[in-house]
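Take the sequence shown: its position 165, counting from 1, is numbered 322 in my numbering, and each next residue is one higher. Beta carbons are placed, not taken as given, at the ideal position from N, Cα and C, and that holds for glycine.
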Amino acid sequence: MRVAIIGLLLVIVHTLEATLFQYLRIGNIAPNFMIMIIVSFALLRGSKEGVIVGTVAGFLNDISFGIHLGPTIISYALIGYVCGKLNKNFYRENFIIPFFCTLLSSLFYSVTNIISLVLRGQLNFGYFIKSIVIPELIYTITLSLIIYQVAYLINEKIEQSEKNTRNIF
């Protein structure tokens, strides 16, 4: 059930990012909801599930928007793994760690995009940082507090359902 719910959530978020969330753009900048979802579930569920959620999210992104299959998968899987390693070191109710993890994850994702554009010779570095990276970073981390709370509630419902169906604890 957990796999189905998180998978459905990823497909819904991916679809909304490609359609309705385009209307949330401010100055042609949109928040990265996939990073918010990956960070949230990696922190709540651990590195193994963080890698799985990141891989699926990256795959959805690469098949829809990417030129090549793989770069986003690797970036998102790494984000899921690293954030998932913090799972045992923080209280789930604490919203500071998800904020900083989303900040660093979004920054990491932007840096990987910068590197790929530099390798292709298609980058005006100053413009990219000032006009895209920083506004997207601010927009993403601002919304991450809300998304983490929603993911936290979804995770609590999933865990409660698992406890009830398996008679655990």
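Below 8 Å on the Cβ atoms is my contact criterion, and I expect residue i with residue j to pass it. Report the Cβ-Cβ distance as a whole number of Å.
i: Ser-301; j: Lys-242; result: Going by Cβ atoms, the distance from Ser-301 to Lys-242 rounds to 18 Å, so no, they are not a contact pair.
i: Pro-188; j: Thr-269; result: The pair is not a contact, with the Cβ atoms about 17 Å apart (cut-off 8 Å).
i: Tyr-238; j: Val-208; result: 5 Å
i: Ser-262; j: Ile-192; result: 5 Å
i: Ser-197; j: Pro-292; result: Actually they are not in contact, since the Cβ atoms of Ser-197 and Pro-292 sit about 22 Å apart, beyond 8 Å.
Tell me which residue opens and which closes the alpha helix (DSSP H) that residue i is part of.
i: Tyr-309; result: 291 to 323
i: Ser-288; result: Ser-288 -> no alpha helix (DSSP H), and no H or E assigned at all.
i: Asn-270; result: 253 to 277
Per the DSSP calculation, residue i is bridged to which residue(s)?
i: Ile-186; result: Ile-183
What is the DSSP secondary structure of residue i, reduced to helix, strand or coil?
i: Thr-345; result: Residue numbering for the chain in the displayed model covers 158 to 326; residue 345 lies beyond these limits and cannot be assessed.
- Task: Please list the segments of the alpha helix (DSSP H) lying wholly inside the region 209 to 242, counting only runs of 4 or more residues, in order along the chain.
- Result: 228 to 241
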